[in-house]
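>
In my numbering, the protein residues as written are 1 to 210.
(1) Within the same chain, show all residues whose beta-carbon is closer than 8 angstroms to that of residue 169, passing over the 5 residues directly before and after it, in chain order.
(2) For residue 108, which residues from the same chain have a beta carbon less than 6 angstroms from its beta carbon, with the 5 sequence-adjacent residues on both sides left out?
(3) Answer yes or no: does any C-beta atom of chain B fall closer than 9 angstroms to that of residue 120?
(4) Could you spell out the range, first to last residue, of the beta strand (DSSP E) harbouring residue 78?
(5) Is the region 99-114 touching the region 141-150 in the sense that three or more CB pairs, one from each, lie closer than 8 angstroms?
(6) Which one of 42, 90, 160, 16 has the shortest CA to CA distance from residue 189?
(7) Rounded to the nearest angstrom, what separates residue 174 and residue 207 at their Cα positions?
(8) Could you give the DSSP three-state label for residue 127: helix, strand or coil?
(9) Starting from residue 56, trace the alpha helix (DSSP H) both ways and give me its first and last residue.
(10) If you run the structure through DSSP and keep just helix, strand and coil, what is residue 162?
(11) Between the beta-carbon of residue 201 and the beta-carbon of residue 80, is there less than 9 angstroms?
(12) What would DSSP say about residue 108, mapped onto helix, strand or coil?
(13) Could you give the DSSP three-state label for residue 143: helix, strand or coil?
(14) Taking residue 158 as the reference, which of 203, 181, 2, 133 has the closest Cα?
(15) May I ask which residues mark the beginning and end of the alpha helix (DSSP H) holding residue 68?
(16) Quick check: what's the CA-CA separation for residue 124 versus residue 131?
(17) Roughly how many angstroms separate the alpha carbons of residue 104 and residue 34, rounded to a whole number?
(18) Select from 53, 32, 119, 57 the residue whose C-alpha is nearest the C-alpha of residue 98.
(19) What residue range does the beta strand (DSSP E) around residue 175 cover?
(20) Can you tell me the Cα-Cα spacing of residue 117 and residue 37, whole angstroms?
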């Protein structure tokens, strides 16, 4: 196709080579972004271009536009997406994750209860620190359905540790049916949790979907 185009437009050999190299660079970038999204367990169907704009939900469009710019990721700030079931919280969180992958960032998307189960099992085989480092190491962590149910002491400590460790070190997107002001009641150790929640909310954008 490029050879045909070059003949038709009488491109120089240099321009043909630059075009071919540009095609290859674009292909590799696309493959790399796809691989990062797969490694991060992002849902391929949850991308911003597939968002149903006719859905009967309301939210701050200007804030969403700001989040899409990923300036929050550059600043190591966080995002809380709050709303009832079925309004698209997980969709938008994964959509932001896909954009981050295209920008070259590493992403991990995980349900909060699944993360807590993984860390619990890791304690049993002495790999807790390794698992915790995996969660902390990514540029963007997406925690889905956080603080839906009361947590025991071990779970409370793990969530507090994750929020503490990622403070100023990386960004977190949290989706929840509860607002941050309701999270504290779900922790078994409110004193320890208060510090982690305060740090998180002080650097967090709050997107409310109704």
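Even glycine gets a Cβ: it sits at the ideal position worked out from N, Cα and C.
Considering the structure as presented:
(1) 76, 136
(2) 40, 138, 141
(3) Absent from the structure is chain B; it holds one protein chain and no more.
(4) Residue 78: member of the beta strand (DSSP E) spanning 78-82, first to last residue.
(5) yes
(6) Nearest option by C-alpha distance: 160.
(7) 10 angstroms
(8) Shown here, residue 127 sits in coil according to DSSP, grouped into three states, outside any helix or strand.
(9) Here residue 56 belongs to no alpha helix (DSSP H), and DSSP marks it neither H nor E.
(10) DSSP places residue 162 within a helical segment (H, G or I) once states are collapsed to three.
(11) yes
(12) In the structure shown, the three-state DSSP call for residue 108 is strand.
(13) strand
(14) 133
(15) 61-68
(16) 12 angstroms
(17) The alpha-carbon atoms of residue 104 and residue 34 are separated by roughly 10 angstroms.
(18) Minimum Cα distance to residue 98 is reached at 32.
(19) 171-176
(20) 22 angstroms
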